[in-house]
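Step one of this worksheet: look at the structure below.
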Ligand code: ZN
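Numbering (my numbering), first residue to last: 53 to 287.
Following this line, the structure appears as structure tokens:
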């Protein structure tokens, strides 16, 4: 990987948000590598969507193909062992008494950023890109801007390397994420994200809706559907 400012590591799960972030990074940086985490998530099927998305991006955008470097898969199975979340257990997805959704995996994004920075350190990349979002986020405290800024400081000091953490979706909603996707890659990119990226918490890809594949009923599907419909109404 090229040294210094032009290199980025994108936390790319295979979801809609991280696919949009990958396109954002490919548009901006000369060298982009991707990292994903297997934490025994119920929707592990998202990890199977990743190679297809990468292949389709390479085929549809030759200028990005040359920038897209190594893909890293990090095994964080231990996270699934520790966490009692309905993202890692077959339990009901609901709002808990503390106001947090039961899909909250405590520390998940903090750990992802740390491991992402470890990959970036090894690969000589300064920039780390993630799809965290405070606007219509699912109530996860580690998606908040302050949490990301605190991690940027902690990682930069703790690894003695100046990292810049980018969260292009932080202040935009899902409809605006689709608009950003369209600005970056037109209908071609919107189609790749719509058809290939995965959001459903239950890992359901059996039914193709206008907004993509999913069960259509879980919070992740509801958010994705509402965002796509809002985007279609005002592209
Ligand atoms: Zn779903």
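We put the CB at the ideal spot given by N, CA and C, even for glycine.
Computed from a predicted model, the values in this text were never measured in an experiment.
Between residue i and residue j, how many whole angstroms is the CB-CB distance? I'm expecting something under 8 Å.
i: residue 166; j: residue 207; result: 7 Å
i: residue 91; j: residue 66; result: Not really, about 13 Å apart at Cβ, beyond 8 Å.
i: residue 179; j: residue 70; result: In fact, because the Cβ distance is near 15 Å, the residues do not count as touching under 8 Å.
With DSSP as the reference, identify every bridge partner of residue i, one or two as the case may be.
i: residue 89; result: 126
i: residue 60; result: 84 and 179
i: residue 260; result: 265
i: residue 147; result: 153
State the DSSP-derived secondary structure class of residue i, mapped to helix, strand or coil.
i: residue 177; result: strand
i: residue 187; result: coil
i: residue 234; result: helix
i: residue 245; result: helix
i: residue 54; result: Confidence in residue 54 is poor, its pLDDT being 45 and thus under 50, which makes the residue's placement unreliable; the coordinate value appears in the next sentence. It is coil, neither helix nor strand.
i: residue 153; result: strand
i: residue 166; result: helix
i: residue 66; result: coil
i: residue 217; result: strand
i: residue 265; result: strand
i: residue 279; result: helix
i: residue 121; result: strand
i: residue 254; result: coil
i: residue 286; result: coil
i: residue 100; result: helix
i: residue 224; result: coil
i: residue 159; result: coil
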